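Presented below is the structure to which this report refers.
In my numbering, the protein residues as written are 4 to 163.
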């Protein structure tokens, strides 16, 4: 069963990233609501994070977080949204940003029994058009959507 789930997670990752070696038509056949072990990712995954304004880029905020998958199955993030951001992209502090790195968290797999940290200086999320109305100490909801239809909303506290 784990092998089947790993194959399905790989196939979905291939479909979402547009890799050239995917079998013709394979992506169209994937029904993300019926993949084994995926529907309840929100029960397995916890997220703890914080956010701060980008000091030299008005309207941008950077979100840093730790994500824990305490389940045994891998889960795939299919997107991240927030009512306080018009767009959310992945960014690395010391790496060139391309269309592939910007969409990292729209097809990112969190392995089972794994803790992953996205710290300052590494990969993190960029929130575009971050409002001036959010004050230090207040929280910003970020919703991580998973393959299978479930999601987790975590409140990221705005730091100075």
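Glycine included, every Cβ here is placed at the ideal spot set by N, Cα and C. Keep in mind it's a predicted model, so treat the numbers as computed, not measured.
C-beta contact flag for residue i and residue j at 8 angstroms
i, j, result
"residue 80", "residue 159", "no"
"residue 50", "residue 70", "yes"
"residue 113", "residue 48", "yes"
"residue 85", "residue 124", "no"
"residue 78", "residue 116", "no"
"residue 59", "residue 94", "no"
"residue 132", "residue 62", "yes"
"residue 149", "residue 65", "no"
"residue 151", "residue 73", "no"
Three-state secondary structure assigned by DSSP to residue i
i, result
"residue 72", "strand"
"residue 47", "helix"
"residue 130", "strand"
"residue 110", "coil"
"residue 141", "coil"
"residue 81", "strand"
"residue 136", "coil"
"residue 92", "strand"
"residue 57", "coil"
"residue 161", "strand"
"residue 63", "strand"
"residue 42", "coil"
"residue 153", "coil"
"residue 52", "strand"
Nearest candidate by alpha-carbon position, reference residue i, set the options
i, options, result
"residue 67", "137, 43 and 120", "120"
"residue 54", "76, 117 and 88", "88"
"residue 111", "82, 137, 135 and 139", "82"
"residue 155", "40, 46, 38 and 57", "46"
"residue 144", "57, 157, 135 and 134", "157"
Supposed close pair residue i, residue j - CB separation, criterion 8 angstroms
i, j, result
"residue 139", "residue 162", "7 angstroms"
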